[in-house]
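**Q** Using our numbering, the first residue of the sequence shown is number 635, and each one after it goes up by one.
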Amino acid sequence: MSLTRPIALGIETSCDDTACAVVDGDGRVLSSVISSQLEAHRPFGGVVPEIASREHLRNWPAVCETALQEAGLELGGIDVVAATKGPGLIGSLLVGLSLGKAIAYAQGNRFHAVHHLEGHLFSPFLRAAGEKAERPPEEFIGLVVSGGHTSLFEVKGDEIITLAETRDDAMGEVFDKVGKRLGLPYPQGPLVDELAENGDGERSPLSIARCSDGSLDFSYSGLKSQTLVEIQKLESAGVETHHGETAATDVPSPVLNLLAGFRKAAVGQLVDRLERLRRERPVRQLAVSGGVAANRLLRPTLEAWSRENEVNLRLVSLLYSGDNAAMIAHAALLRDERGLVDDPLEVDAASRIPL
Ligand code: KG4
Ligand code: ZN
Numbered sequence: 635m636s637l638t639r640p641i642a643l644g645i646e647t648s649c650d651d652t653a654c655a656v657v658d659g660d661g662r663v664l665s666s667v668i669s670s671q672l673e674a675h676r677p678f679g680g681v682v683p684e685i686a687s688r689e690h691l692r693n694w695p696a697v698c699e700t701a702l703q704e705a706g707l708e709l710g711g712i713d714v715v716a717a718t719k720g721p722g723l724i725g726s727l728l729v730g731l732s733l734g735k736a737i738a739y740a741q742g743n744r745f746h747a748v749h750h751l752e753g754h755l756f757s758p759f760l761r762a763a764g765e766k767a768e769r770p771p772e773e774f775i776g777l778v779v780s781g782g783h784t785s786l787f788e789v790k791g792d793e794i795i796t797l798a799e800t801r802d803d804a805m806g807e808v809f810d811k812v813g814k815r816l817g818l819p820y821p822q823g824p825l826v827d828e829l830a831e832n833g834d835g836e837r838s839p840l841s842i843a844r845c846s847d848g849s850l851d852f853s854y855s856g857l858k859s860q861t862l863v864e865i866q867k868l869e870s871a872g873v874e875t876h877h878g879e880t881a882a883t884d885v886p887s888p889v890l891n892l893l894a895g896f897r898k899a900a901v902g903q904l905v906d907r908l909e910r911l912r913r914e915r916p917v918r919q920l921a922v923s924g925g926v927a928a929n930r931l932l933r934p935t936l937e938a939w940s941r942e943n944e945v946n947l948r949l950v951s952l953l954y955s956g957d958n959a960a961m962i963a964h965a966a967l968l969r970d971e972r973g974l975v976d977d978p979l980e981v982d983a984a985s986r987i988p989l
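1) What does the alpha-carbon distance come out to for the pair Leu786 and Cys845?
2) Could you tell me whether the segment 970-978 touches the segment 766-778, using the rule of 3 or more Cβ pairs below 8 Å?
3) In whole angstroms, what is the alpha-carbon distance linking Gly924 and Ser780?
4) Any heavy atom of the ligand KG4 closer than 7 Å to the beta-carbon of Ser859?
5) Helix, strand or coil, according to DSSP, for Val697 in the structure here?
6) Pairs of beta-carbons, one from the segment 855-867 and one from the segment 891-901, closer than 8 Å: are there three or more?
7) Taking Asp810 as part of the alpha helix (DSSP H), name the residues at either end of that continuous run.
8) With Asp906 and Ala653 assumed to form a contact (beta carbons below 8 Å), what rounded beta-carbon distance in angstroms separates them?
9) In three-state terms, what does DSSP make of Ala674?
10) Under 7 Å from any heavy atom of the ligand KG4, does the C-beta of Ser780 make it?
11) Suppose contacts are defined by Cβ-Cβ distances below 8 Å. Is Phe745 in contact with Val715 by that definition?
12) Could you name the residues of the same chain whose beta carbon sits closer than 6 Å to that of Gly753, not counting the 5 residues immediately before and after it, in chain order?
13) Starting from Asp651, trace the beta strand (DSSP E) in both directions and tell me its first and last residue.
14) Using DSSP with H/G/I as helix, E/B as strand and the rest coil, what is Glu836?
15) With the cut-off set at 8 Å, would you say Val729 and Thr647 are in Cβ contact?
16) Beta carbon of Cys654: closer than 7 Å to some heavy atom of the ligand KG4?
17) Measuring only the C-alpha atoms, how far is Pro1072 from Arg918?
18) Would you decide whether Leu952 is buried or exposed? Buried here means 16 or more other CB atoms lie within 10 Å of its CB.
19) So is Met805 buried or exposed if we call it buried at 16+ other beta carbons inside 10 Å?
20) Among Trp694, Pro695 and Ser726, which has the Cα closest to the Cα of Ile685?
21) Could you work out which residue in Ala717, Glu828, Glu831 and Ala767 is closest to Val950 when comparing CA atoms only?
22) Quick check: what's the CA-CA separation for Ala990 versus Asp792?
23) Are any of the Cβ atoms in chain D nearer than 8 Å to that of Val748?
24) Which class does Asp827 belong to by DSSP, given the choice of helix, strand or coil?
25) Please state the DSSP three-state secondary structure of Ala984.
26) Using the Cα positions of Ala738 and Ile865, report the straight-line distance between them to the nearest angstrom.
27) Inspect the CB distances between the segment 929-948 and the segment 865-878 and report whether three or more fall short of 8 Å.
28) Within its chain, find whatever has a CB closer than 8 Å to the CB of Ala900; leave out the 5 residues flanking it on each side and keep chain order.
29) Say yes only if the C-beta of Gly730 is nearer than 7 Å to one or more non-hydrogen atoms of the ligand SAM, and no if none qualify.
30) Closest to Thr796 by CA distance: which of Ala938, Leu702 and Phe852 is it?
31) Confirm, please, whether the CB-CB distance from His675 to Val681 is below 8 Å.
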């Protein structure tokens with residue numbers, strides 16, 4: 635396979651995954667390595683920031699070496715270095731960003747400090763390993779649903795406009811919190827999704843939150859509280875709700891139905907906002923990304939909605955829905971193409987930064 639220059643090395647350490655990837659100038663993912671820290675955090679039921687930074691430092695050499703090896707390259711074959719600058723856990727971000735800055739400076743590479751959400755936003759255009767990425771359209775609507783964000787963007791050439799974001803909890807965060815309440819191990823989102831597959835949401839309907847001021851903003855804390863109250867009610871009625879890593883067959887059906895109702899309302903809120911946006915203005919291209927985009931109800935629901943409304947949907951591949959470094963390298967290459975560049979001696983990590 636002949637590679638197109640520039641070739642980018644991507645680094646992503648914003649939370650608990652240590653990731654490194656190599657992507658070529660056509661957006662071909664030559665390698666994408668993700669080292670999970672799940673085992674280190676699992677005893678605590680969530681990510682412990684201090685542990686995360688130390689694990690990144692420990693995992694980095696092997697992760698980077700594997701990514702280069704799989705791409706068939708050495709560090710000297712890299713033209714562009716990209717690392718996530720934020721938002722995320724500050725200690726974790728500092729590890730990846732400092733490594734990226736040091737590599738770029740030492741080798742004289744062009745450097746890009748990439749916003750994590752910009753990585754997710756363009757990730758639906760990445761294809762399977764070795765295939766050229768699709769060129770993002772000049773204008774599209776981007777929906778990013780993750781553990782930290784539920785955001786709707788409008789991309790117009792160089793401009794990224796925020797149309798809506800969550801006023802409280804992010805969608806993934808609420809999946810995690812509901813799962814934690816049931817005693818499920820971290821990360822609870824995919825497990826709640828799996829249990830919901832086995833329930834009947836019609837038997838336990840929950841309402842879709844709207845902002846009273848008519849804004850398109852999201853809000854998930856009400857749904858979270860509603861679900862936690864329903865769990866409490868089931869417990870009072872003697873239903874066993876606390877479960878470890880049990881199969882769905884061991885979970886009582888009222889709990890499964892409640893989770894199905896919860897998931898339906900959570901996904902329903904996304905559709906509600908998209909539908910209202912479509913009534914306000916034409917929506918032709920929609921790109922959906924982020925860890926929660928792996929959800930088994932979200933995918934067919936947004937596919938059906940897009941078909942019905944003649945919206946051209948790009949739903950991120952399951953390869954790149956969760957945090958990964960290919961999306962960071964890809965976003966950096968798109969910036970590089972437009973002549974943008976960052977000075978590795980100037981940029982800093984930040985736990986909260988607007989896109
Ligand atoms: O994008 P991501 O990997 O990290 C952040 O930037 O936050 O998203 C992780 C989030 C977690 O909250 C996780 O529980 C959630 O995505 N998640 C899911 C599913 N898979 C991952 N939530 C619901 N259903 C899923 N299948
Ligand atoms: Zn993310």
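A virtual CB, placed ideally from N, CA and C, is assigned to each residue, including glycine.
**A** In short:
1) Numbered from its first residue, the sequence shown carries residue 786 at position 152. Numbered from its first residue, the sequence shown carries residue 845 at position 211. Their Cα atoms are separated by approximately 15 Å.
2) no
3) In the sequence shown, the residue the question calls residue 924 occupies position 290. In the sequence shown, the residue the question calls residue 780 occupies position 146. So the two alpha carbons sit approximately 5 Å from each other.
4) Here residue 859 is taken as the residue at index 225 of the sequence shown, counted from 1. No - the ligand KG4 has no heavy atom lying nearer than 7 Å to the Cβ of Ser859.
5) Here the question's residue 697 lines up with position 63 in the sequence shown. Looking at Val697 - three-state DSSP - the assignment turns out to be helix.
6) yes
7) Here residue 810 is taken as the residue at index 176 of the sequence shown, counted from 1. Counting along the chain, the alpha helix (DSSP H) containing Asp810 begins and ends at Met805 to Arg815.
8) Mapped onto the sequence shown, residue 906 falls at position 272. Mapped onto the sequence shown, residue 653 falls at position 19. At roughly 33 Å, the Cβ-Cβ gap does not stay under 8 Å, so Asp906 and Ala653 are not in contact.
9) Translated into the one-based positions of the sequence shown, residue 674 becomes position 40. It is helical.
10) Your numbering for residue 780 matches position 146 in the sequence shown. Yes, the ligand KG4 has a heavy atom inside 7 Å of this Cβ.
11) One-based indexing of the sequence shown puts residue 745 at position 111. One-based indexing of the sequence shown puts residue 715 at position 81. In this structure, Val715 lies closer than 8 Å to Phe745 by Cβ.
12) Locating residue 753 in the sequence shown gives position 119, counting from the first residue. Once the five neighbours on either side are set aside, the close Cβ partners of Gly753 are Met961, Ile962 and Ala965.
13) In the sequence shown, residue 651 corresponds to position 17, counting from 1. Segment Asp651 to Val657, the beta strand (DSSP E) holding Asp651.
14) In the sequence shown, counting from the first residue as 1, residue 836 sits at position 202. Looking at Glu836 - three-state DSSP - the assignment turns out to be helix.
15) On the sequence shown, position 95 is the one that residue 729 refers to. On the sequence shown, position 13 is the one that residue 647 refers to. Yes, Cβ-Cβ distance for Val729 and Thr647 is below 8 Å.
16) The sequence position of residue 654 within the sequence shown is 20, counting from 1. Checking every heavy atom of the ligand KG4 against the Cβ of Cys654, none is found closer than 7 Å.
17) In the structure as shown, the chain starts at 635 and stops at 989, and residue 1072 therefore has no counterpart that could be examined.
18) Sequence index remark: in the sequence shown, residue 952 carries index 318 (1-based). With fewer than 16 Cβ atoms within 10 Å of its Cβ, Leu952 is classed as exposed.
19) Along the sequence shown, read from residue 1 onward, the residue named residue 805 stands at position 171. The residue in question, Met805, is buried, as its Cβ has 16 or more Cβ neighbours within 10 Å.
20) Mapped onto the sequence shown, residue 685 falls at position 51. Among Trp694, Pro695 and Ser726, the Cα nearest to that of Ile685 is on Ser726.
21) One-based indexing of the sequence shown puts residue 950 at position 316. When only C-alpha atoms are compared, the closest one is Ala767.
22) The structure shown does not extend to residue 990, since the chain is modelled only from 635 to 989, so the question has no answer here.
23) As a matter of chain content, chain D is missing from the structure shown, which is built from one protein chain.
24) Here residue 827 is taken as the residue at index 193 of the sequence shown, counted from 1. Of the three classes helix, strand and coil, the one that applies to Asp827 here is helix, per DSSP.
25) Walking along the sequence shown from the start, residue 984 turns up at place 350. The answer is coil: DSSP assigns Ala984 none of H, G, I, E or B.
26) In the sequence shown, counting from the first residue as 1, residue 738 sits at position 104. In the sequence shown, counting from the first residue as 1, residue 865 sits at position 231. Distance between the alpha carbons of Ala738 and Ile865: 51 Å.
27) no
28) Counted from its first residue, the sequence shown places residue 900 at position 266. Here the set comprises Met805, Val808, Phe809, Tyr854 and Leu857.
29) As presented, the structure is devoid of the ligand SAM, carrying the ligand KG4 and the ligand ZN as its sole ligands.
30) As a working mapping, residue 796 is identified with position 162 in the sequence shown. Among Ala938, Leu702 and Phe852, the Cα nearest to that of Thr796 is on Phe852.
31) Mapped onto the sequence shown, residue 681 falls at position 47. Mapped onto the sequence shown, residue 675 falls at position 41. Result yes, Cβ atoms of Val681 and His675 sit closer than 8 Å.
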